[in-house]
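J.:
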Amino acid sequence: MQRTNQRFIALITFVLVLIGTWAPHGSYANTTVTPTPIYAQIDLSPEEIEAYDDASLIYADVTYYGARETSTIWRFMIDATEVDLTTIDQVTLYDKAGVPYSFPDAVYAFQMEQLAGESSEPGDDGTETVPDVDTPVEPPLVEPEPSPEEPVTEEVAAPSANPAVAIEQLVLGADGPIERVLSGDLVTYRLVIDVTGAPIENLSVTNTVPEALTVVADSVEVLGPEGSVAPTTVSGPPAFEWTFPTIPVGTTTIQFDMFAPDVTSETVVTNTFCIGVEDEAVPSACKEASVTVVPNETIGLEVGKEANIDQAVVGGMIPYTFVIENTGETALTITSIEDEFFSGDIDAKAVDTFNANVRERLLALVGDDGLLAGERVEATVNLSIPTDYDWTSAPEIGNVFRVAATDAYGRIIDAESQQIVLLNQADFTVTKMARPETVHPGEAIRYTYTITNTSNVTLYFVDVLDEWTSGALTTKEQRETTETLRDGMRALAEVENGLVPGEEVVLEMEKVLLPSYDVRAGAVLTNRTTFTFEVNREARVSRTVEATVHVKQSLPKPDNDNRDDQDESVYVPEPTTPVTPDQATLPMTGTTKTWGTVLGLVLIGLGLLFLTHRRRSSAKA
1 MQRTNQRFIA LITFVLVLIG TWAPHGSYAN TTVTPTPIYA QIDLSPEEIE AYDDASLIYA
61 DVTYYGARET STIWRFMIDA TEVDLTTIDQ VTLYDKAGVP YSFPDAVYAF QMEQLAGESS
121 EPGDDGTETV PDVDTPVEPP LVEPEPSPEE PVTEEVAAPS ANPAVAIEQL VLGADGPIER
181 VLSGDLVTYR LVIDVTGAPI ENLSVTNTVP EALTVVADSV EVLGPEGSVA PTTVSGPPAF
241 EWTFPTIPVG TTTIQFDMFA PDVTSETVVT NTFCIGVEDE AVPSACKEAS VTVVPNETIG
301 LEVGKEANID QAVVGGMIPY TFVIENTGET ALTITSIEDE FFSGDIDAKA VDTFNANVRE
361 RLLALVGDDG LLAGERVEAT VNLSIPTDYD WTSAPEIGNV FRVAATDAYG RIIDAESQQI
421 VLLNQADFTV TKMARPETVH PGEAIRYTYT ITNTSNVTLY FVDVLDEWTS GALTTKEQRE
481 TTETLRDGMR ALAEVENGLV PGEEVVLEME KVLLPSYDVR AGAVLTNRTT FTFEVNREAR
541 VSRTVEATVH VKQSLPKPDN DNRDDQDESV YVPEPTTPVT PDQATLPMTG TTKTWGTVLG
601 LVLIGLGLLF LTHRRRSSAK A
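The sequence shown maps to residues 1 to 621 in our numbering.
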C-alpha cells in the first residue's frame, strides 16, 4: 500500500514538472515595446479644421488614436520599433459628436519626425496633455536647424519668427471644386490665405471680377481665426479691395458667389486674386483660377413601360416592354435602372432575375457612349408567372419602372412609369351536338361544336383530338375523323387570329357510317373530343366534350320494292290534328282496296255452312 502511494505521488510530481517546463516563463510577461511616434498632416479647409478634433489610423490591423499637435497635424504612438509608413494611406477624423469621417481624396503626409506647421502649447487647442503611465520615456526628437530661407513655424509666439504667407484660389460648385460649369449656375470663388511664423500687418487683397461674371449681392464673406480683426473694405464689385490692419497666424478665407454668364459656346473665365504687403520680407503674389462655362443645354428623360395584358395569366409569361428616351439636348449617362414590384406575390429571386435582365438588355442598347440627345431605346423582357401562383389572394401585379441619369455637368435627372396588371385565368367552354341520335349503317351523322372564350385573354388554337370510346369504327376511320376536325378548326379565320374574350365559333363535321358497319359490335357509338387552346406555350387549357349516337340495323326491302332509300316519301309525318274515328265504324288499317273485304266475307260464309253441315250429320247418326 505504501509503495502504491509513493508511485502515485511520483507520477503527479512528474506531470507538474512537465507543465512547468511547457508554460512560458514569467520573465517575458513584462517585456515592453517602445512606441514609435509618427506625425500625420492632412490638408483641410478652415471649416474642416473647426469641425474635426480627433483622429485615428490603422497600422498592422490595429487602430491607433492620435493627439492633435496643430490644426492639421496629429501625433500617433505606434507599438512597433520600426514603422513602414508606406502601409498607411488614410486617417479617419471625428467630429465633436464622435462621428467618424473618411477623406480618401485628401492630401496626407506621414513622417517619423515632427512635421513643420503650427505649434501648440499644451491646452492651446482645448486638449490637455496626459502623461503616459508605465510607458518608457520617449527620446527627444532631434529636429534639423532651419535654413535661413525657411520660416520657423514651431513657435508661433516667438518674436524672432519670420512671417510667411501662401495663397490659393478655389472655384467651387455645389459639390466641391469644379472645372466646368453651366451658364447661369452659381459659382463660388474662394481665396485661402495661410499665414505662418508671425502676424502680418497692412496686408491688402485685390480682385477684379471679369465682366462676364455677376457677383451675388450680400455673398461676400471673410472668415479668419478666432479673435481676428475684420478687414476694411476699400472698394466693392466689380473691383474688390480689402485691407487687413493685422492678419493673424492661421488660415483666412475670402469668398463670394457669382452667376456664370450665358454663353453660346464654351468660354473660359479667369478670376485673379492678388495680395500686397508693405513689408519687403513678404513679397506680393497673385493667384488665378479658371473655369470653363458651357452652354446650358436642357436635360430631359422620359421612361415608359407597357405590359401585354392579353397574356397576363397564371402559369404564363407577361411580356413587359420598357422604353427610355432622352428628350433633352445633352447626352445622358444611365446610373440606375430598377423595376420595383409593390404588389403581387412574385418571388424575390424571380424579381432580382427579372431586374437583371431588364438592366442588361437596356444598357446593352444604350452603349458606352450613353444615351445621346433624342435617342430612344426599347427592350421587351418576359416575367414568368408560376403555375402555383395564388391568384385569389394576389390577383394584381403592380410595379414601377425607375431610371436615373446624369449629364456631363453632374446634373441628375430621373423618371418613372407605373403599371398595375390584373391576372386572369385562361378558360373556354365547348358544347357538342350529334344529329340524328339514331342512325343506320350507310347514313351520316352531323356533329356541331360550339366554342366560346370565357376568359379575358385571347386564346390561340393548339390542337384537337377525337377519340371513339365505343363503337365499331376502324382505326383508319378514327384517325380520319381527328384529321378532318383539326383541318376544320384551322380553316376558321376566327381561330387562326385567336379567340378574343367573349368570341364564339361554331364548327360542323359530318361522319358517314359505312354500309358494312357492324351494328352488333357497335350499337352505341360514342366519341370524346378534346380541344386545347393557349395564351402562350406556358399557359394552355384543354376542355373535353362527348356525344353518343345509337346505331340500328337497317330493315331488308322486299324484292319488288324499287324505291330509293333516300326517298322522303317513306317518312310519314305525324298529323298536326289527330284523326278521331267514328263510333260506328272501326278504323281501317292496311290497304284501301275492296276485293279483300269481299273475299273475307265469302270465306266467313263458307265457314259457317261447313260447321252447320257437320252438325246435321251428327244428329242423324
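Glycine residues also receive a C-beta, built at the ideal position from the N, C-alpha and C atoms.
#1: Where does Asp310 fall in DSSP's three states?
#2: Suppose you measure from the CA of Thr81 to the CA of Ala281; what does that come to, to the nearest Å?
#3: Would you mind sorting Leu93 into buried or exposed? The rule is 16 or more other CB atoms within 10 Å of its CB.
#4: Going by other Cβ atoms of all chains shown within 10 Å of its Cβ, with 16 needed for buried, is Pro159 buried or exposed?
#5: Pull up the distance between the alpha-carbon of Tyr389 and that of Glu494, whole angstroms please.
#6: If you draw a straight line from the C-alpha of Lys511 to the C-alpha of Pro441, how long is it?
#7: For Pro225 and Gly250, I'd like the C-alpha separation in whole angstroms.
#8: Measuring alpha carbon to alpha carbon, tell me which residue in Ile73, Ser204, Asn162, Val545 is nearest Asp43.
#9: Tell me the rounded alpha-carbon separation between Glu375 and Val400.
#10: What does a CB cutoff of less than 8 angstroms around Pro199 pick up in its chain, not counting 5 residues either side in sequence?
#11: Just to confirm my understanding: we take Ser228, look at its own chain, exclude 5 residues before and 5 after, and list those with CB closer than 6 angstroms. What are they?
#12: Expressed to the nearest angstrom, what Euclidean distance is found between the alpha-carbon atoms of Val366 and Leu372?
#13: Among Ser265, Thr270, Thr474, Val234, which one has its Cα closest to the Cα of Thr188?
#14: So within the region 237-284, which uninterrupted beta strand (DSSP E) runs reach at least 3 residues, ignoring any that extend past its ends?
#15: Quick check for students: name the residue ranges of the alpha helix (DSSP H) that lie wholly in the region 473-497, counting only runs of 4 or more.
#16: If you drop the 5 nearest sequence neighbours on each side, which residues of the same chain put their C-beta closer than 6 angstroms to that of Val313?
#17: Got a sec? Which residues, its chain only, sit under 6 angstroms from Ala394 by beta carbon, not counting five neighbours each side?
#18: Can you tell me where the beta strand (DSSP E) holding Ile193 begins and where it ends?
#19: Cα separation between Phe76 and Arg361?
#20: Using 8 angstroms as the threshold, is the region 426-436 in touch with the region 474-486, meaning 3 or more CB pairs across them?
#21: Rounded to the nearest angstrom, how far is the Cβ of Ala472 from that of Ala521, given a contact under 8 angstroms?
#22: Around the C-beta of Val294, are 16 or more other C-beta atoms found within 10 angstroms, so that it is buried, or is it exposed?
#23: From Ser284 to Cys274, what distance separates their C-alpha atoms?
#24: For Leu513, which three-state DSSP category applies?
#25: Pop quiz: Val551 and Leu513 are said to be a contact at Cβ under 8 angstroms. What is the actual Cβ separation, rounded to whole angstroms?
#26: Using a 10 Å radius around the Cβ and a threshold of 16 neighbouring Cβ atoms, would you call Gly605 buried or exposed?
#27: Given that a residue counts as buried once 16 or more other Cβ atoms are within 10 Å of its Cβ, and exposed if not, what is Glu340?
#28: From which residue to which residue does the alpha helix (DSSP H) around Pro46 run?
#29: Would Gly502 pass as a contact of Tyr460 if the rule is Cβ separation under 7 angstroms?
#30: On a CA-only basis, which of Asp84, Val421, Glu69 is nearest Ile58? Give me that one, please.
#31: Is the CB-CB distance between Val220 and Pro238 below 7 angstroms?
#32: Can you give me the start and stop residues for the beta strand (DSSP E) that Phe354 sits inside?
#33: Which residues in the same chain have their Cβ closer than 7 angstroms to the Cβ of Val268, if we skip the five residues on either side of it in sequence?
#34: Considering only C-alpha positions, which residue in the set Tyr39, Asn207, Ser542, Lys349 is nearest to Ile451?
#35: So if DSSP puts Ser417 in a beta bridge, which residue, or which two residues, is it bridged to?
#36: Please determine, among Thr206, Thr474, Asn202, the residue with the shortest C-alpha to C-alpha distance to Arg190.
T.: Looking at the atomic coordinates:
#1: helix
#2: 43 angstroms
#3: buried
#4: Unreliable positioning characterises Pro159 in this predicted model, as indicated by a pLDDT of 43, which lies under 50. The coordinate reading is nonetheless provided below. Pro159 should be labelled exposed.
#5: 30 angstroms
#6: 11 angstroms
#7: 6 angstroms
#8: Ile73
#9: 22 angstroms
#10: Pro163, Thr246, Ile247, Pro248, Val249
#11: Pro248
#12: 9 angstroms
#13: Thr270
#14: 239-247, 250-259, 267-277
#15: 475-491, 493-497
#16: Asn424, Ala426, Val457, Val535, Ala539
#17: Gly344, Asp345
#18: 186-196
#19: 52 angstroms
#20: no
#21: 4 angstroms
#22: buried
#23: 7 angstroms
#24: coil
#25: 7 angstroms
#26: exposed
#27: exposed
#28: 46-51
#29: no
#30: Asp84
#31: no
#32: Counting along the chain, Phe354 falls outside any beta strand (DSSP E), though it belongs to the alpha helix (DSSP H) covering 348-366.
#33: Ser290, Thr292
#34: Ser542
#35: Phe401
#36: Thr206
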